[in-house]
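Visitor: Please see the structure below; I have some questions.
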């Protein structure tokens with residue numbers, strides 16, 4: 002009896018080790034407000050799959066989607082899920098100004114500049130001509146990122162307002178989330 006329990010325990014522990022951590026990423030060129038150069042940008046997120054607890058699969062949430070711009074001094078932008086629609090949005094900060102909006106067909110429309118409060122949408126990610134959640138950012142899909150705001154306080158808070166088409170997403174297995182992105186400033 003003790004042997005069966007020990008074997009079952011060993012089997013369960015070996016199943017827990019059958020997981021992988023994958024990084025999904027896509028590249029594009031973006032413009033910044035403070036100069037006329039184009040910079041490489043990497044859109045990415047990490048996702049742990051296959052993890053189990055006593056033989057039951059755990060539903061692991063993917064990380065937020067991040068936009069890293071390869072320019073010194075520019076912070077990584079985070080697209081998080083809207084609580085209602087689950088679509089990915091880049092949240093505003095106080096005193097940001099919305100200068101454009103995205104219509105239903107995915108076209109940017111200039112609007113009268115509007116000051117925003119914190120946590121309004123200043124950016125969206127679209128796949129297949131519609132707003133998307135992290136679940137639709139799969140290997141092979143080609144996302145578009147729309148930036149619709151600018152900042153009065155920090156010119157590098159957002160890329161220049163516009164539509165940025167990214168390359169097809171690739172999936173790579175990584176050891177940990179601290180694996181560096183290959184992003185050299187240009």
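Residue numbers (this note's numbering): 2 to 187.
Positions of the beta carbon are idealized from the N, C-alpha and C atoms, including for glycine.
(1) Which runs of the beta strand (DSSP E), 3 residues or longer, sit entirely within the segment 117-184?
(2) Could you have a look at residue 69 and say whether DSSP puts it in helix, strand or coil?
(3) For residue 124, which of 98, 176, 171, 63 has the nearest alpha-carbon?
(4) Output the distance between the C-alpha atoms of residue 174 and residue 50, rounded to the nearest integer angstrom.
(5) Give me the Cβ distance between residue 116 and residue 96, rounded to the nearest whole Å; I'm assuming they're in contact under 8 angstroms.
(6) Near residue 81, what residues of its chain come up, given a Cβ to Cβ distance below 6 angstroms and the 5 sequence neighbours on each side ignored?
(7) Can you check whether the CB of residue 114 is closer than 8 angstroms to the CB of residue 142?
Guide: Taking the geometry as given:
(1) For the segment 117-184, whole beta strand (DSSP E) runs of length 3 or above, ordered along the chain, are 122-128, 145-148, 150-152, 163-166, 171-175.
(2) Strand, per DSSP.
(3) Looking from the CA of residue 124, the closest CA among 98, 176, 171, 63 belongs to 98.
(4) Put simply, the backbone Cα of residue 174 is about 11 angstroms away from that of residue 50.
(5) With 8 angstroms as the limit, residue 116 and residue 96 qualify as a contact, their Cβ atoms being about 6 angstroms apart.
(6) 65.
(7) Inclusion of residue 142 and residue 114 in the CB contact set at 8 angstroms is not warranted, their separation being larger than that value.
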